[in-house]
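If you read the sequences in order, they're chains H and S.
No gaps in the numbering here: position 47 of the first sequence is 47 in the working numbering, and each next residue is one more.
Count along the second sequence from 1, add 114, and you get the number used in the working numbering.
Here a beta-carbon is modelled for each residue, glycine too, at the ideal position from N, C-alpha and C.
Since the structure comes first, as structure tokens, the remarks are kept for the end.
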Amino acid sequence: MKLSDEQIWIAIIGLVVVVFVTRNIFMVAPLSWQPRGVFERALRHSPLAALIALIVPGSAAALMAMDASVGSVLHDGRLPSAIVALLVARVARSPFPGLIAGTAVLLVIGFIWP
Amino acid sequence: MVGSTVLGTFFWGLAMGLALVKGGLSAMQALGMVMLVFSGTAQLAALPLIVQGAALPAIWFTALLANLRFVIYSVLVATEFRGRSMSYKLLLGWLTTDTGLTTYLAAQKGAAATEPEARRAARYLGANGLIYLGWTGGTAAGVLLAGLIPDSPRIGFIGVLAVVALVGPMLATRVSLWVALAAGAVSLIGVDWPARMGMFCAIVAGVLVALVLTRKQKPSEAVS
Numbered sequence: 001m002k003l004s005d006e007q008i009w010i011a012i013i014g015l016v017v018v019v020f021v022t023r024n025i026f027m028v029a030p031l032s033w034q035p036r037g038v039f040e041r042a043l044r045h046s047p048l049a050a051l052i053a054l055i056v057p058g059s060a061a062a063l064m065a066m067d068a069s070v071g072s073v074l075h076d077g078r079l080p081s082a083i084v085a086l087l088v089a090r091v092a093r094s095p096f097p098g099l100i101a102g103t104a105v106l107l108v109i110g111f112i113w114p
Numbered sequence: 115m116v117g118s119t120v121l122g123t124f125f126w127g128l129a130m131g132l133a134l135v136k137g138g139l140s141a142m143q144a145l146g147m148v149m150l151v152f153s154g155t156a157q158l159a160a161l162p163l164i165v166q167g168a169a170l171p172a173i174w175f176t177a178l179l180a181n182l183r184f185v186i187y188s189v190l191v192a193t194e195f196r197g198r199s200m201s202y203k204l205l206l207g208w209l210t211t212d213t214g215l216t217t218y219l220a221a222q223k224g225a226a227a228t229e230p231e232a233r234r235a236a237r238y239l240g241a242n243g244l245i246y247l248g249w250t251g252g253t254a255a256g257v258l259l260a261g262l263i264p265d266s267p268r269i270g271f272i273g274v275l276a277v278v279a280l281v282g283p284m285l286a287t288r289v290s291l292w293v294a295l296a297a298g299a300v301s302l303i304g305v306d307w308p309a310r311m312g313m314f315c316a317i318v319a320g321v322l323v324a325l326v327l328t329r330k331q332k333p334s335e336a337v338s
């Protein structure tokens, strides 16, 4: 069953509430509930873990396919371009050269092997 | 550092705008969702359910699970800016993004320990504010150009490459490498788990690894 326009807006408003509450829950929680020391320091790695979880499944999708081969992974372009972006950004110690290099690899593969 | 993140966010927004309109939302609904919800993962998780006409509580609960990592982030933001007013903290919390928080934490490494909280908060607001503009601008472009641009996965992947490039310089310590390996492995294992639970479990795995490895470190060595 398709949602009506009004239901879609109600869904959007509910999403706003969900996102606002999850992002702010410790702003209103008592200070004593907030983690300290080692745990707080470990939590500082959570954005890195989240970014890795955002990029790895998409980048490795062709590799994880049942019929994966070197050719299919190269043709897909996502894993080679991600590896180039990561290495260039790591060596340059700056994200921008990595983004440019990775995008160039992705586009060149798409152009020569559409 | 923020520049490439904003550029990548623009392309990610472009892909999101295309996906929302091609998924059946009107231009106003797509723009309203992006400007107000401002969460790519919550929107990506909710969109198929909205298109299928799922029950509203199911849509909201799925988005809640997809966004559980922001509960962890809110601990960091609340601790970092505890001296700010409640309304300012709520604004900073609502604007929090994965990439904005990462950019801020990296910049903090080079900042003086005595830097006033007000200036740190302004930097955090600036980083996430620019990402908000990149995200909404990209989505608006995607909504407007939905009839002209073919639905190419390559366009969306440029946004992913921006995040890959952001991660590159962060992999400079032993702890961050192990965190990345643990989170990456769990994200692959849980790639098909419902409601993006694989992503949440990957974060938990990364934090657990960091917890074990940082137990005996000094605080200054612990931040990636």
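CA-CA distance, residue i and residue j?
| i | j | result |
| --- | --- | --- |
| A221 of chain S | L134 of chain S | 34 Å |
| I109 of chain H | A101 of chain H | 12 Å |
| F20 of chain H | G207 of chain S | 8 Å |
| L219 of chain S | S188 of chain S | 14 Å |
| L182 of chain S | L74 of chain H | 34 Å |
| S72 of chain H | T123 of chain S | 28 Å |
| T103 of chain H | A85 of chain H | 8 Å |
| G154 of chain S | G146 of chain S | 13 Å |
| G252 of chain S | L150 of chain S | 15 Å |
| A11 of chain H | A168 of chain S | 10 Å |
| E328 of chain S | S46 of chain H | Per the sequence shown, the amino acid found at residue 328 of chain S is Thr instead of Glu. The alpha-carbon atoms of T328 of chain S and S46 of chain H are separated by roughly 13 Å. |
| L205 of chain S | L63 of chain H | 40 Å |
| A177 of chain S | P30 of chain H | 25 Å |
| L258 of chain S | L99 of chain H | 25 Å |
| V289 of chain S | L48 of chain H | 11 Å |
| A92 of chain H | L170 of chain S | 46 Å |
| I83 of chain H | I303 of chain S | 20 Å |
| A297 of chain S | V323 of chain S | 9 Å |
| A50 of chain H | R198 of chain S | 26 Å |
| A42 of chain H | F184 of chain S | 15 Å |
| V337 of chain S | E6 of chain H | Caution is warranted here: a pLDDT of 45 is assigned to V337 of chain S, below 50, making its placement in the model unreliable, and no coordinate value can be reported. |
| T22 of chain H | L163 of chain S | 20 Å |
| Q166 of chain S | A232 of chain S | 45 Å |
| G256 of chain S | Q34 of chain H | 40 Å |
| L3 of chain H | L161 of chain S | 12 Å |
| C315 of chain S | I186 of chain S | 12 Å |
| E118 of chain H | A159 of chain S | Only positions 1 to 114 of chain H appear in this structure, which leaves residue 118 of chain H out of reach. |
| E107 of chain H | G77 of chain H | Inspection of the sequence shows that residue 107 of chain H is occupied by Leu rather than by Glu. In a straight line, the C-alpha of L107 of chain H is about 8 Å away from that of G77 of chain H. |
| A89 of chain H | W126 of chain S | 19 Å |
| L291 of chain S | A254 of chain S | 36 Å |
| D67 of chain H | D306 of chain S | 18 Å |
| A141 of chain S | V148 of chain S | 11 Å |
Does residue i come out as helix, strand or coil in the three-state DSSP assignment?
| i | result |
| --- | --- |
| I100 of chain H | helix |
| G248 of chain S | helix |
| W113 of chain H | coil |
| A168 of chain S | coil |
| D5 of chain H | helix |
| H45 of chain H | coil |
| A192 of chain S | helix |
| Q34 of chain H | coil |
| R90 of chain H | helix |
| A226 of chain S | coil |
| R329 of chain S | coil |
| A67 of chain H | A small fix is needed here, since residue 67 of chain H is Asp in this sequence, not Ala. Coil at D67 of chain H, not helix or strand. |
| S153 of chain S | coil |
| S140 of chain S | coil |
| G320 of chain S | helix |
| S118 of chain S | helix |
| V337 of chain S | In this prediction, V337 of chain S has a pLDDT of 45, which is less than 50 and means its spatial position is unreliable; what the coordinates show is noted afterwards. V337 of chain S falls in the coil class under three-state DSSP. |
| W307 of chain S | coil |
| A85 of chain H | helix |
| P283 of chain S | helix |
| A255 of chain S | helix |
| G197 of chain S | coil |
According to the neighbour-count rule (16 or more other Cβ atoms, all chains shown, within 10 Å of its Cβ), is residue i buried or exposed?
| i | result |
| --- | --- |
| T211 of chain S | buried |
| Q143 of chain S | buried |
| P57 of chain H | buried |
| E229 of chain S | exposed |
| Q157 of chain S | buried |
| R101 of chain S | A question about residue 101 of chain S goes unanswered here, because the residues of chain S that appear run from 115 up to 338. |
| K223 of chain S | exposed |
| W113 of chain H | exposed |
| A227 of chain S | exposed |
| E335 of chain S | In this prediction, E335 of chain S has a pLDDT of 47, which is less than 50 and means its spatial position is unreliable; what the coordinates show is noted afterwards. Under this definition E335 of chain S is an exposed residue. |
| R36 of chain H | exposed |
| F111 of chain H | exposed |
| S69 of chain H | exposed |
| A294 of chain S | buried |
Quick one: is the Cβ of residue i within less than 7 Å of any heavy atom of the ligand GDP?
| i | result |
| --- | --- |
| L302 of chain S | As for the ligand GDP, it is missing from this structure, which has no ligand bound. |
Handout entry: Proximal residues, the segment 197-218 of chain S versus chain H, C-beta separation under 8 Å
Key = M200, K203, L204, G207, W208, T210, D212, T213, L215 and T216
Exercise for the section: Using a Cβ-Cβ cut-off of less than 8 Å, give me the residues of the segment 39-53 of chain H that come near chain S, in sequence order. Expected result: F39, E40, R41, A42, L43, R44, H45, S46, P47, L48, A49, A50, L51, I52 and A53
Problem - Residues, ordered as in the chain, of the segment 265-281 of chain S that lie near chain H by beta-carbon distance below 9 Å - result: S266, P267, R268, G270, F271, I272, V274, L275, A276, V277, V278, A279, L280 and V281
Exercise for the section: Note down, in chain order, all residues in the segment 165-199 of chain S with a beta-carbon under 8 Å from any beta-carbon belonging to chain B. Expected result: The structure shown contains no chain B; the protein chains it does contain are H and S.
Handout entry: Short-range partners of chain H found in the segment 146-164 of chain S, where Cβ spacing is below 9 Å
Key = G146, M147, L150, V151, F152, S153, G154, T155, A156, Q157, A160, L163 and I164
Practice task
Pull out every residue of the segment 11-22 of chain H whose Cβ sits closer than 9 Å to any Cβ of chain S, in chain order.
Solution key: A11, I12, I13, G14, L15, V16, V17, V18, V19, F20, V21 and T22
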